[in-house]
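Peer 1: Numbers in our numbering are just positions in the sequence shown, counted from 1, shifted up by 304.
To start, I am sharing the structure in question, which I have written as structure tokens.
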Amino acid sequence: MNAALLQKLSVVTDEEKAILAGKEAVNRALYYSPGGPSNEIDSSRVLTNGKLIDIRPNTRFVHFPRHTHSFVEFIYMCSGQTTHFVDGQKIVLKQGDLLFMNQHATQEILPASMNDIGVNFMILPAFFDRTFQMMGNRDNALRDFIISCLTDTNRGGNYLYFQVADVLPVQNLVENLIWLQLFGEKDRRLLSQNTMALLFLSLMNYTDKIHMAKSSWEQDLVIRLLSYIETEYRAAGLADFAKRSGMEETSLSRLIKKNTGKTFKELLMEKRISQAQFLLTDTELSVDDIAAAVGYENTSFFHRLFQRSTGMTPRAFRLSSRAARTEGVPS
Numbered sequence: 305m306n307a308a309l310l311q312k313l314s315v316v317t318d319e320e321k322a323i324l325a326g327k328e329a330v331n332r333a334l335y336y337s338p339g340g341p342s343n344e345i346d347s348s349r350v351l352t353n354g355k356l357i358d359i360r361p362n363t364r365f366v367h368f369p370r371h372t373h374s375f376v377e378f379i380y381m382c383s384g385q386t387t388h389f390v391d392g393q394k395i396v397l398k399q400g401d402l403l404f405m406n407q408h409a410t411q412e413i414l415p416a417s418m419n420d421i422g423v424n425f426m427i428l429p430a431f432f433d434r435t436f437q438m439m440g441n442r443d444n445a446l447r448d449f450i451i452s453c454l455t456d457t458n459r460g461g462n463y464l465y466f467q468v469a470d471v472l473p474v475q476n477l478v479e480n481l482i483w484l485q486l487f488g489e490k491d492r493r494l495l496s497q498n499t500m501a502l503l504f505l506s507l508m509n510y511t512d513k514i515h516m517a518k519s520s521w522e523q524d525l526v527i528r529l530l531s532y533i534e535t536e537y538r539a540a541g542l543a544d545f546a547k548r549s550g551m552e553e554t555s556l557s558r559l560i561k562k563n564t565g566k567t568f569k570e571l572l573m574e575k576r577i578s579q580a581q582f583l584l585t586d587t588e589l590s591v592d593d594i595a596a597a598v599g600y601e602n603t604s605f606f607h608r609l610f611q612r613s614t615g616m617t618p619r620a621f622r623l624s625s626r627a628a629r630t631e632g633v634p635s
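So, in structure tokens, the structure goes:
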């Protein structure tokens, strides 16, 4: 991390000075609202003046008791390490690690030392609206599933833990986010949303580095499945993934439907049609070649699926999307 950023983040805060002077607990007035839930950190305390996102260094030198948040929290370890218990699971965050928690996660933090520098991003769900729009409107089941883990109701797997210290693009994007919160002025919110979108897109390329609640092994499996469809859609098959996962096909089918609301066949078709839409818009490939490229040897079958899914023939979609793009270009 940039030395100037790290130095600014490592400054001992007034709260930490009080702790070092003998105060044995966190200052509840900084986090909890009178009359509110006794263990819920209130967004109105940590996000002021209409902010949708803000950061603060992790409070060191003290045990932070079990709590929840009325916002999404995202922790990045700049240096050292911190120990967390999230939904009862022990997580040791090391330098370069990321931890995302939704509003339903319970968290407890053990005391950190002087050189254990973490940054807490506090984010209201509305912040993600533009971020997710920027990630693309075409169907992407992997993206949608990861988003649901961060924003939906309590599913029993309320956190995502990324071990991405060795992924330079991710590290650079997080550092940019921190810089924007500390020093950004003009268009800070828009730039932060853009950067967060790029961060999510980058993380989706490293699903092998995502860890979830041990009690939610099903969600781990679903992420692997969706990543498999995302990358191997041309030849992907339920039997192949079941064999890779050591599961029986019928049990796997039920698990997929339970966690995504869709069948394997539906998820695969959505990905193939989405990729076909991209190829129709951005390449000069023939419709026959595109059908083959996304996994359909029978062109007539591809035509029927595409029209049923989009309401247009492939040729009509190509003409419409290109006309819309042309109309959007300034004269």
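Each residue gets a CB set at the ideal place from its N, CA and C atoms; glycine is no exception.
Distance, Cα to Cα, Ser613 vs Ile577?
Peer 2: As a working note, residue 613 is residue 309 in the sequence shown. As a working note, residue 577 is residue 273 in the sequence shown. So the two alpha carbons sit approximately 8 Å from each other.
Peer 1: Leaving out five residues on either side along the sequence, give the residues of the same chain with a beta carbon under 8 Å from the beta carbon of Glu479.
Peer 2: By one-based count along the sequence shown, residue 479 stands at place 175. Closer than 8 Å at Cβ, skipping near neighbours: Met305, Asn306 and Leu309.
Peer 1: Roughly how many angstroms lie between the CA atoms of Phe504 and Pro473, to the nearest whole one?
Peer 2: Here residue 504 refers to the residue found at position 200 of the sequence shown. Here residue 473 refers to the residue found at position 169 of the sequence shown. Straight through space, the alpha carbons of Pro473 and Phe504 are spaced by roughly 11 Å.
Peer 1: Cα separation between Glu412 and Pro361?
Peer 2: Locating residue 412 in the sequence shown gives position 108, counting from the first residue. Locating residue 361 in the sequence shown gives position 57, counting from the first residue. The alpha-carbon atoms of Glu412 and Pro361 are separated by roughly 16 Å.
Peer 1: What residues in its chain sit with their C-beta under 6 Å from that of Arg434, if we drop five residues either side in the sequence?
Peer 2: Here residue 434 corresponds to residue number 130 of the sequence shown, with the count starting at 1. Excluding residues within five positions, the ones whose Cβ falls inside 6 Å are Gln497.
Peer 1: With a 10 Å radius around its C-beta and 16 neighbouring C-beta atoms as the bar for buried, classify His367 as buried or exposed.
Peer 2: By one-based count along the sequence shown, residue 367 stands at place 63. It is exposed - the Cβ of His367 has fewer than 16 other Cβ atoms within 10 Å.
Peer 1: Using the Cα positions of Leu477 and Met573, report the straight-line distance between them to the nearest angstrom.
Peer 2: On the sequence shown, position 173 is the one that residue 477 refers to. On the sequence shown, position 269 is the one that residue 573 refers to. Answer to the nearest angstrom: the Cα atoms are 32 Å apart.
Peer 1: Give every residue of the same chain whose Cβ lies closer than 7 Å to the Cβ of Leu529, excluding the five residues on either side of it in the sequence, and list them in chain order.
Peer 2: Counted from its first residue, the sequence shown places residue 529 at position 225. Once the five neighbours on either side are set aside, the close Cβ partners of Leu529 are Phe545 and Ile560.
Peer 1: Would you mind sorting Phe487 into buried or exposed? The rule is 16 or more other CB atoms within 10 Å of its CB.
Peer 2: Position 183 of the sequence shown, counted from the start, is the residue given in the question as residue 487. Phe487 is exposed by the Cβ-count criterion.
Peer 1: Below 8 Å on the Cβ atoms is my contact criterion, and I expect Ile359 with Phe425 to pass it. Report the Cβ-Cβ distance as a whole number of Å.
Peer 2: Stepping through the sequence shown from its first residue, residue 359 is reached at position 55. Stepping through the sequence shown from its first residue, residue 425 is reached at position 121. Contact flag correct, Cβ pair sits at about 5 Å.
Peer 1: Using CA coordinates, which residue listed in Leu464, Thr387 and Gln611 is at the minimum distance from Val376?
Peer 2: Residue 376 sits at position 72 when you count from the first residue of the sequence shown. The shortest Cα separation from Val376 among Leu464, Thr387 and Gln611 belongs to Leu464.
Peer 1: Under the three-state reduction of DSSP, which class applies to Gln407: helix, strand or coil?
Peer 2: What you label residue 407 is simply residue 103 of the sequence shown in a count that begins at 1. Looking at Gln407 - three-state DSSP - the assignment turns out to be coil, as it is neither helix nor strand.
Peer 1: What distance in whole Å lies between the Cβ atoms of Phe621 and Leu584, which are believed to be in contact at a cut-off of 8 Å?
Peer 2: Reading the sequence shown from its first residue, position 280 is the one you call residue 584. Reading the sequence shown from its first residue, position 317 is the one you call residue 621. Between Leu584 and Phe621 a beta carbon distance of about 6 Å is seen, short of the 8 Å cut, so the two are scored as contacting.
Peer 1: According to the neighbour-count rule (16 or more other Cβ atoms, all chains shown, within 10 Å of its Cβ), is Pro369 buried or exposed?
Peer 2: Here residue 369 refers to the residue found at position 65 of the sequence shown. Exposed.
Peer 1: Which residue comes first and which comes last in the alpha helix (DSSP H) that contains Asn276?
Peer 2: Residue 276 falls outside the range modelled here, since the chain spans only 305 to 635, and no answer is possible.
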